[in-house]
Amino acid sequence: MDILRKQVPLQQWIMLAIVAASLCLQACERFVAISPPEFSTQAVVSGLIQADRPWEVYISQTEGYFADIGPLERTDAIVWIELANTDTFHLPYTSSLSPQISPPFLAGYQTREPLPKAGNTYIIHVEVPGLEPITAQMVMPHSPNIIDASWEDSASIDPQGRLMSRLSLQLKDPDIHQRNYFFVYAETIELPKTNIEWNSEDPSIRFDMRLAQRDSNNIYSIFQQAQYISDEWFTDSIHTLDFFIPSSRMAFLANFYQGWSLKLACINEPFYRYTEEYVKQRNASNNPYAEPSPVYNNIQGGYGVWGGYSLDSLEFYW
Amino acid sequence: MRWLLFLALWFCISIRLYAQPTIWGYVLDQESQEPIPGAIVQIPHEGKLIFSNSVGFFSLKIQAQDRMMIICRAMGYLPDSVLIDSSIANPLDISLRPSVLRIDSVEISAASRLIEMSIGKVSMTAEEMDRIPALGGESDVMRSLQILPGVQSSHEASSGLLVRGGSADQNLILLDGVPVYNANHMLGIISTFHTDAVKKADFYKGGFPARFGGRLSSIVDISLKEGSREKLQGTASLGLLSSKLLVEGPIKGGKSSYMVSARRSFLDIFSEPIQRLSQQANRQGYGFYDITAKINHEFSKRNRMFISLYGGRDRYFSKTKETLERAGLMYKLDNSSSLQWGNKTAVLRWTHVGKSAWFNQFMGYVTEYKFAIEESQNRSTSQIGTEEEDKEAFQLLYQSLIRDITVQNDLQHSLSSNQTLRLGVQGTFRTFSPATFVFDRQVSDSTLRDSSNNLTASTGWEWNAYVENSIQLIPSFNVNLGVRLSGFVIGTQNYSTPQIRASLAWNPYSHGSIRASYSRMTQYIHLLSSSNVSLPIDLWVSSTDQVPPQQGWQVSGGWTHELESVGEFSLEGYFKRMNQIIAYQEGANLLLDGADPTVLSANRAWESQVINGRGWSYGAELFFRHRLDPFSGWFSYSLSWTRRQFDGLNQGEPFPYIYDRRHNISLGLVYPWQANKELSLQWVFQSGRATNLPQATYTTHPFFTVGGSEQYIATYGDRNSFRLRPYHRLDLSLSWKPKKKKGKRGLSLGLYNAYSRRNPFALTYFSRPGTPYLIENSLFPILPIIAYRWTF
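So the protein lines, in turn, are chains A and B.
Each number in my numbering comes from the position in the first sequence (counting from 1) with 20 added on.
Each number in my numbering comes from the position in the second sequence (counting from 1) with 71 added on.
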């Protein structure tokens, strides 16, 4: 260090330190805003149609991910549905939506006749002014048959060591020659035991239900306490699904409701894949360890989902 | 089978055993008597040459002439010549004197390089690594290799290597012949190798000799110093990132020597007392250490033994202690969590020179990489003024391990004055424990243990056998031809593959060579790594019946030309194919199950979260190493394309690999400024990294609303279609090596990222009210380089 002191005067060291410090300070802002990727606006169809219920379709458009998101719904679209080249009918826009799905969401395109039927192929065509016309096709699935369901109120222990009730659901696969998909959930029946005034418009409550047959082969997703299941691990047409239901939750709900309903739907592939991939994207959105996940899209020329389902249900009383 | 017949024929023809006398011996450092690996032993009038092996051994068949001259060269040493005749007694030890003047060192290394590069190998000594300006003044083996064309880092300051479009797990990093699975400290900022303890690093990115295998993209063969047999000496250094100490010396009568080095960072030691004094409820810290030791003993000139040990660990920790008083109750919370990872290796080597100068090396080693995440939480609640407490505690341990236990034997023999035969066998017992998850919960004396999420540990056997023949057909034409047979057995699954290796070098004139090579490689292990981040928690997994081994082949060709008294220049092109590489499925999640976020992904077999695909890369590489007096330095440029294709990603269409960087430039300049002072400059440029970004958004079907709120879906364009800004950086350093009466001292001062370029490190979506906002984060602004070294 003596050599350093002799050869480089102290003032020069101070100057050097000041220059270095100023450069460091200049670099304190350690990020740079960059231009987002380009995109083109496209029409979006959201249609998950229940067999034997009125048609309800929602039309909107995409917006830049990094842009200010304004209203996306489109009320000026022309929507018609084609039934396997035999029949065509229009879905007019109406602001009064079905009581099953409440505002304040998208305005809907709906009609009551003809009702969608299981087994039929439906093609939707949509023309939105200023955007590319879009089309999509789907087959309405058949209803699954609940053959039997037994509920063991006696408590058992799940793999995580929690106290559980066990539900066994025996169902008939609508068609063993093709891939089928289901969703299943449980919710209370609107028969409150008490005189409590419910603020919610829909006082029924969904409760947690977990598939017990978890292994690396079965495919499932969970969203809003509904289980989405593929039949690729079913071995024959009659299959039994086992579920755990938290005993404490059941005991609590039994204080207020007289019973609960088990809902089982057979859904088609677009519905299943849209759900599965949406759940993945949702879970991955704030997780740096997760892979980016595009969501399934069966709309030609646009985005969204054109799918359907048929529902069966069974009621239990405490 | 045709290739087997061809090979058999080749070896039958090429093995021409003449009754020639053999000379053998060791190339040694004159000062320390340490062996010098990679030295060139040449018979000039016959145009024959041979390289000394990893323990400095060489053997040559010579013509029965009266006298002949042998010249020996090595990087960092002055050349020496020896006059021999057929009556010479073995062993012939050749001692080389370390070069004093740097310019000599450069010249000699250039001559060596011309020959080495002609066979696809690049070597670097610790001295050369020290001359490259480095982050924190910490010279580094792996980052030094990043100046070479075709080699790039994954992110800012990373010591990880990405070679010719390969991924980070496709590099075989050998420390004294033992694979090291995670060669990173500080999340990749520096590598696990202490450069003072390193003698030499050999690097292959193509034209792989048959004696190496197990990875697709590159081989980094690092040799540790063996310790001076002459005197006790050492080096101590202080840096911003860590401090190091190395001691070496003889043990007994010049027959044995040792080397011990240790390195430690002080971030945790300094930060914890400060946090303790400031009475912070939450204290965090990070630290790492590594220890390297080597001992060798010469039983006789024919028998030597080496033992090398390495152990290193990184540890990040966080501790929280809080006490709260509320509504007459006292709550106590004691949290601690840590993430730690590290490698351990141990190797025993025994070398024996047989009667006909057959060199035999036996090795047995263990290598292990392990990481663990630990978390413990203790809570207690009590009424103020009473001693009774309600206690609750839980502990979580998540750990992963890969361990190899290997025995191998290698033979080397000079069949004639122009042929060297190598053959060997290797057997490895490998244990994978990709993810073990243990959860303990204790409430009022009852304990609940949940180990149900364990991925079962698996074991596998890997075996390898190779034969390799280096032959000089005519003085200007060298061929290295070999075959490696390898296999892997796991459970009932049995994989085996033959791998052909061939490289040709032709010197059509005295200052240049033309080369070509073909290599086929197989890799039986995979690294499960998210494309977004590269962390020590990436999981090493085995090939299984569902996930086959990675396979690859590469062809490359090039031209090397030595510009007289200016430097050397090389131009190379390559095409590489990688099959059965793996990637996470879209939406797959490293820690949590993509389908059910309430369970750890370990609950689901990892095979169900990955898909197989293929990749390919091609490009051209230019390297110019110059010594334009008084300057010396290098310029490297690579132009490359790298693609991946997976049926389940990007609709099955090929897409750019995340590290598909079109242009890579590295420019270095060293200026000897006054006596004992040297100015160094390095400038690097890399095209922007490819990444995925959402492009547009739309609302979900109302069926998916949550709590009355609309939900949105993001759309992505083609995978990795968005490019970050280019990366470039200038580093400056001044090193000063004043001579003292006792030992040598060295001081390095400089600037890392001298013009404070805000280089892209990661993208963040910043939420302004109602709008996501896209920004690029950078890691290091301008930083000082300070390092002090004392050699005694």
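Glycine included, C-beta positions come from ideal geometry on N, C-alpha and C.
Note that the coordinates shown come from a computational prediction; the quantities given were computed from them, not determined experimentally.
Are the Cβ atoms of residue i and residue j separated by less than 9 Å?
{"i": "residue 532 (chain B)", "j": "residue 498 (chain B)", "result": "yes"}
{"i": "residue 390 (chain B)", "j": "residue 355 (chain B)", "result": "yes"}
{"i": "residue 425 (chain B)", "j": "residue 373 (chain B)", "result": "yes"}
{"i": "residue 302 (chain A)", "j": "residue 251 (chain A)", "result": "no"}
{"i": "residue 623 (chain B)", "j": "residue 288 (chain B)", "result": "yes"}
{"i": "residue 245 (chain A)", "j": "residue 226 (chain A)", "result": "yes"}
{"i": "residue 754 (chain B)", "j": "residue 805 (chain B)", "result": "no"}
{"i": "residue 565 (chain B)", "j": "residue 493 (chain B)", "result": "no"}
{"i": "residue 696 (chain B)", "j": "residue 643 (chain B)", "result": "no"}
{"i": "residue 536 (chain B)", "j": "residue 555 (chain B)", "result": "yes"}
{"i": "residue 298 (chain B)", "j": "residue 366 (chain B)", "result": "yes"}
{"i": "residue 166 (chain B)", "j": "residue 243 (chain B)", "result": "no"}
{"i": "residue 314 (chain B)", "j": "residue 307 (chain B)", "result": "yes"}
{"i": "residue 488 (chain B)", "j": "residue 192 (chain B)", "result": "no"}
{"i": "residue 255 (chain B)", "j": "residue 231 (chain B)", "result": "yes"}
{"i": "residue 314 (chain A)", "j": "residue 297 (chain A)", "result": "yes"}
{"i": "residue 742 (chain B)", "j": "residue 686 (chain B)", "result": "no"}
{"i": "residue 752 (chain B)", "j": "residue 704 (chain B)", "result": "yes"}
{"i": "residue 567 (chain B)", "j": "residue 557 (chain B)", "result": "yes"}
{"i": "residue 331 (chain B)", "j": "residue 317 (chain B)", "result": "yes"}
Would you call residue i buried or exposed, if buried means 16 or more other Cβ atoms sit within 10 Å of its Cβ?
{"i": "residue 635 (chain B)", "result": "exposed"}
{"i": "residue 772 (chain B)", "result": "buried"}
{"i": "residue 481 (chain B)", "result": "buried"}
{"i": "residue 545 (chain B)", "result": "exposed"}
{"i": "residue 197 (chain A)", "result": "exposed"}
{"i": "residue 300 (chain A)", "result": "buried"}
{"i": "residue 745 (chain B)", "result": "exposed"}
{"i": "residue 89 (chain B)", "result": "The predicted model places residue 89 (chain B) with a pLDDT of 46, which falls under 50 and marks its position as unreliable, so this point remains unresolved."}
{"i": "residue 582 (chain B)", "result": "exposed"}
{"i": "residue 370 (chain B)", "result": "exposed"}
{"i": "residue 167 (chain A)", "result": "exposed"}
{"i": "residue 528 (chain B)", "result": "exposed"}
{"i": "residue 106 (chain B)", "result": "buried"}
{"i": "residue 319 (chain A)", "result": "buried"}
Per DSSP, residue i is paired with what?
{"i": "residue 250 (chain B)", "result": "B:245"}
{"i": "residue 266 (chain A)", "result": "A:184"}
{"i": "residue 860 (chain B)", "result": "B:308 and B:817"}
{"i": "residue 44 (chain B)", "result": "Not covered by the structure: residue 44 (chain B). The range shown for chain B is 72 to 863."}
{"i": "residue 106 (chain B)", "result": "B:99"}
{"i": "residue 154 (chain A)", "result": "A:146"}
{"i": "residue 501 (chain B)", "result": "B:475 and B:531"}
{"i": "residue 119 (chain B)", "result": "B:114"}
{"i": "residue 543 (chain B)", "result": "B:549"}
{"i": "residue 201 (chain A)", "result": "A:250 and A:287"}
Closer than 8 Å, Cβ to any Cβ of chain A: which residues of the segment 749-765 of chain B, in chain order? So the close ones are 763, 764 and 765.
Under 9 Å, CB to CB, which of the residues in the segment 52-85 of chain A have a partner in chain B? So the close ones are 52, 53, 54, 55, 56, 57, 58, 59, 60, 61, 62, 64, 66, 67, 68, 76, 78, 80, 81, 82, 83, 84 and 85.
Selection of the segment 781-804 of chain B by Cβ proximity to chain A, strictly under 9 Å: With the criterion set as a beta carbon lying under 9 Å from some beta carbon of chain A, the members of the segment 781-804 of chain B are 781, 782, 783, 784, 785, 786, 787, 788, 790, 792, 793, 795 and 796, in sequence order.
Which runs of the beta strand (DSSP E) spanning at least 3 residues fall entirely within the segment 368-429 of chain B, listed in chain order? When DSSP assignments are scanned along the segment 368-429 of chain B, the uninterrupted stretches of beta strand (DSSP E) that are 3 or more residues long and fall wholly within it turn out to be 374-397 and 400-424.
If the cut-off is 8 Å on Cβ atoms, which residues from the segment 766-780 of chain B count as contacting chain A, listed in chain order? Of all residues in the segment 766-780 of chain B, 766, 767, 768, 769, 770, 771, 772, 773, 774, 775, 776 and 777 have a Cβ within less than 8 Å of some Cβ in chain A.
Please list, in chain order, the residues of the segment 842-859 of chain B that have any C-beta partner in chain A closer than 9 Å. If the cut-off is 9 Å between Cβ atoms, the segment 842-859 of chain B has 842, 843, 844, 845, 846, 847, 848, 849, 850, 851, 852, 853, 854 and 855 near chain A.
Could you list the residues in the segment 87-98 of chain A with a C-beta less than 9 Å from some C-beta on chain B, going in chain order? So the list reads 87, 88, 89, 92 and 93, given in the order they occur along the chain.
Uninterrupted beta strand (DSSP E) stretches inside the segment 545-587 of chain B (no shorter than 3 residues): With a minimum length of 3 residues, the continuous beta strand (DSSP E) runs that stay inside the segment 545-587 of chain B are 548-561 and 564-580.
At which residue ranges does the segment 259-337 of chain A contain complete beta strand (DSSP E) runs of 3 or more residues, listed in the order of the chain? Taken in chain order, the complete beta strand (DSSP E) segments of 3 residues or longer contained in the segment 259-337 of chain A are 279-287 and 323-337.
At 3 residues or longer, what runs of the beta strand (DSSP E) sit wholly inside the segment 594-640 of chain B? Here the runs fully enclosed are 596-599, 610-613 and 621-634.
Give, in chain order, every unbroken run of the beta strand (DSSP E) that is at least 3 residues long and sits entirely within the segment 262-346 of chain B. DSSP runs (the beta strand (DSSP E)) wholly in the segment 262-346 of chain B: 269-275, 289-295, 304-310, 314-321 and 327-335.
Which residues, in order along the segment 132-147 of chain A, keep a beta-carbon less than 7 Å from a beta-carbon of chain B? Residues passing the 7 Å Cβ filter: none.
Which residue spans inside the segment 430-473 of chain B form an unbroken alpha helix (DSSP H) run of at least 4? For the segment 430-473 of chain B, not one full-length alpha helix (DSSP H) segment reaches 4 residues or more.
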